[in-house]
Every structure is written in C-alpha cells, then in structure tokens.
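Numbering (UniProt numbering), first residue to last: 1 to 333.
Put into structure tokens, the structure is as follows:
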C-alpha cells in the first residue's frame, strides 16, 4: 500500500512520528517520508536517532522540512508530489491552550483548514488526521479546537467531490508511555525514591493503547478509508490507581483533586454518534451524517451498534488488572 509512495507527517518529531518512521520502514518501502515541523532542534534529534536504526538507503528517503501548519504557502510547497498526509501537528497541552487560546485556534483550527486546502489543491490522495478523546463532548479549549478540526477534515470530503483527496480521522486518547501519558511522570517520581504517587481522582479510568497500535490504526485508515470515517480501536481500560500499584507496589496513593479541563473517563464514541457507528473485529468506525455519504459504498461487513451505546473507559467490558498492567509496562523499561 505504501510502497513507492511519498508520505508527509506534520508534527512528525513527537512520539507518534518517531514510531511511525520506525514502523513504516519496517513494513513498507516508501519513496519518501517527510517530517514537517517547526522545531529544527527536534528534527536534528530525530535525524540522529534514526541514523543508527535505518539503513543508508532508508535514511536517504527520510526528509526534514521546517514549516508551520499555520503557513499555507509553505504547506503548498511541501505537499507537491506527496501521496499521503498524516496530520499530527497540534497544540496538545490543555493548560497551554487555556492560557493561549488564540494560538491554539491558529494551530489546531486554521492549521487544519490549511492542510485541507493544500491537500485539495496539490493532488494529495489521502489525509489522515489524528484526533483525541478530548474532542468528544469537550470541556476545555483543546478539546473544542480538536472537535472543530475533526469536523473540518470530515466535511472536506464534500469539497473533493469523491474525485480528489480522501479525508479521514483516527481517534484515541493518551498513548501509553508517550510524553502526554502519566507513566513517565510516575516513573520519574519512583526513580527519585518517592513512596507516594499523586492521583487527581481515585475513580479515574483510561483506555490503554500503545504507539504501535496507534500507528497500525493510521495504516488501516490509509488503506481502507473512502472519505469521512472516524476510526477508533477496541482496546482495554484500566484504573489509574491500578497503574500506580503496578508501577510501585505498596505505594501510598495521594488524591490531589481533578485538574482544570480533566475528565474522569475517556469517551471515544458518544451516545449521540452511536447511530452512525459500526463495529468491526478490532475497531469501530463513526461514519459521517451527510447526504453525500452512501452506506453501500462504505460498510464492508460492519454491524451497527445499539443507539444507546457509549464507548467509555469507565464502562468498557475489557479491563487490565494490576498484574496485566505490570506485564505491559515491561515494554517501557
């Protein structure tokens, strides 16, 4: 699927981008993989990281473009000759978005619109945008901007008219072990010899998804999407209290209070979207609710879910125990 294709990743120096580089070169033979981001220091670090992990031929196919998704002209130049775009660039820190709302809007909303325009005009075949559980029933600015971003990418299929670029969305929450997850934070405290781990609310739950699973879901969207789908993996839940116990047996749990903009549970499929959601073997797909969407062209064996269904980490039917979490954590040593 991705052999001899040119792929561009916006915000490609983050946790997802590095895992994507690793996996795409392990599974496929792309003609180019372009890392498009605005931080030359991080680009240099990624280049050095893969100087020992990739062959010389693979390294020659890895390109680094300095640019910002706010800069439409730069995007038009970067998208020339590109087959597939993965849009991972975003302002993601909830407090930073709360205190810099204009900047969050410029990056997460106007940046998304720039991606759509450039893809439509430059002949890109497919665009997959990374979303977040915070875009579902948002309670903070970050979630609000990502909800708008998701809507832009889904509606962009109407602009392409079924003959141009295909746009889809991949949604997941905090990835286990990534910079945004609680695992590195807990590990830092443990390394300092702390016996007490702070938890904002002892009722809190999250979904467990690894970087590998996140990248595989993007591969699936690139392979199968026909326009307007939102892909969500079927994954287990865990309690944050159990994660703390798995990382530091006999630890003291200190409840410190839920933070501004934080949710008790992650929701990937809200009830209001359940009537447009279909279940597959290892994932769900939320289909768009527009007159240009024709079910016979999309479903491919999926079955509709109950219209009262909500995919919520607190009510999930698959859970990880303390022992199972401890086993999974071995992969992060």
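A virtual CB, placed ideally from N, CA and C, is assigned to each residue, including glycine.
Counting only runs that start and end within the segment 59-88, where is the alpha helix (DSSP H) found for 4 or more residues in a row? 72-79
Roughly how many angstroms lie between the CA atoms of residue 301 and residue 268, to the nearest whole one? Counted from its first residue, the chain shown places residue 301 at position 301. Counted from its first residue, the chain shown places residue 268 at position 268. Those two C-alpha atoms are separated by around 21 Å.
List the whole-angstrom C-beta distance separating residue 82 from residue 8, where the pair is believed to meet the contact cut-off of C-beta under 8 Å. By one-based count along the chain shown, residue 82 stands at place 82. By one-based count along the chain shown, residue 8 stands at place 8. With 8 Å as the limit, residue 82 and residue 8 qualify as a contact, their Cβ atoms being about 5 Å apart.
Cβ neighbour criterion (16 or more within 10 Å) applied to residue 185: As a first step, residue 185 must be located in the chain shown, where it is residue number 185. Looking at its Cβ environment, which holds fewer than 16 other Cβ atoms inside 10 Å, residue 185 is exposed.
Would you tell me roughly how many angstroms separate the C-alpha atoms of residue 137 and residue 325, rounded to the nearest one? Residue numbering aside, residue 137 sits at position 137 when the chain shown is read from its first letter. Residue numbering aside, residue 325 sits at position 325 when the chain shown is read from its first letter. Computed Cα separation, rounded: 28 Å.
Does DSSP put residue 246 in a helix, a strand or coil? If you number the chain shown from 1, residue 246 lands on position 246. Helix.
Just the Cα atoms here: how many angstroms apart are residue 12 and residue 248? Position 12 of the chain shown holds residue 12. Position 248 of the chain shown holds residue 248. One C-alpha to the other measures close to 33 Å.
Three or more C-beta pairs below 8 Å linking the segment 158-177 and the segment 124-132: yes
Alpha carbon of residue 291 to alpha carbon of residue 282, nearest angstrom: Position 291 of the chain shown, counting from 1, holds the residue named residue 291. Position 282 of the chain shown, counting from 1, holds the residue named residue 282. About 28 Å.
Between which two residues does the beta strand (DSSP E) carrying residue 129 extend? What you label residue 129 is simply residue 129 of the chain shown in a count that begins at 1. Start and end: 126-132.
Return the first residue and the last residue of the alpha helix (DSSP H) that residue 183 is part of. Position 183 of the chain shown, counted from the first residue, corresponds to residue 183. Here the alpha helix (DSSP H) through residue 183 covers 182-191.
Return the bridge partner residues of residue 285 from the DSSP annotation. In the chain shown, counting from the first residue as 1, residue 285 sits at position 285. 231 and 278, per the DSSP bridge assignment.
Answer yes if the segment 40-51 comes into contact with the segment 15-25, meaning at least three C-beta pairs across the two stretches below 8 Å, and no otherwise. yes
Count the other C-beta atoms from every protein chain shown that fall within 10 angstroms of the C-beta of residue 172, then say buried if there are 16 or more, exposed otherwise. Position 172 of the chain shown, counted from the start, is the residue given in the question as residue 172. Answer is buried; the Cβ neighbour count reaches 16.
Where does residue 321 land, buried or exposed, given buried means 16+ other C-beta within 10 angstroms? The residue you call residue 321 lines up with position 321 of the chain shown. It is exposed - the Cβ of residue 321 has fewer than 16 other Cβ atoms within 10 Å.
Sequence-distant residues of its chain with Cβ nearer than 8 Å to residue 254 (five each side left out): Against the chain shown, residue 254 aligns to sequence position 254. Excluding sequence neighbours, residue 254 sits near 196, 197, 198 and 199.
Contact belief for residue 38 with residue 68 at Cβ below 8 Å, rounded distance in angstroms: One-based indexing of the chain shown puts residue 38 at position 38. One-based indexing of the chain shown puts residue 68 at position 68. Right, the Cβ-Cβ distance comes to about 5 Å (below 8 Å), so this counts as a contact.
Would you call residue 303 buried or exposed, if buried means 16 or more other Cβ atoms sit within 10 Å of its Cβ? Within the chain shown, residue 303 is the residue found at index 303, counting from 1. The residue in question, residue 303, is exposed, as its Cβ has fewer than 16 Cβ neighbours within 10 Å.
Would you be able to state if there are at least three C-beta pairs under 8 Å between the segment 102-111 and the segment 54-67? no
For residue 28 and residue 163, what's the separation of their Cα atoms in angstroms? What you label residue 28 is simply residue 28 of the chain shown in a count that begins at 1. What you label residue 163 is simply residue 163 of the chain shown in a count that begins at 1. Roughly 26 Å separates the two Cα atoms.
Going by the C-beta, is residue 228 closer than 6 Å to any heavy atom of the ligand PLP? This structure does not include the ligand PLP; it has no bound ligands of any sort.
Per DSSP, which residues does residue 116 bridge with? Please list them. On the chain shown, position 116 is the one that residue 116 refers to. DSSP, once it has assigned bridges, lists no residue as partnering residue 116.
Determine the contact status of residue 284 and residue 276, defining contact as a CB-CB distance below 7 Å. If you number the chain shown from 1, residue 284 lands on position 284. If you number the chain shown from 1, residue 276 lands on position 276. Going by C-beta atoms, residue 284 is not nearer than 7 Å to residue 276.
Can you list, in chain order, the residues of its chain whose CB lies under 7 Å from that of residue 58, leaving out five sequence neighbours each side? Taking the first residue of the chain shown as position 1, residue 58 is located at position 58. Excluding residues within five positions, the ones whose Cβ falls inside 7 Å are 25.
Would you please state the rounded distance, in angstroms, between the beta carbons of residue 336 and residue 139? I believe it to be under 8 Å. This structure cannot settle anything about residue 336, because the visible part of the chain is limited to 1 through 333.
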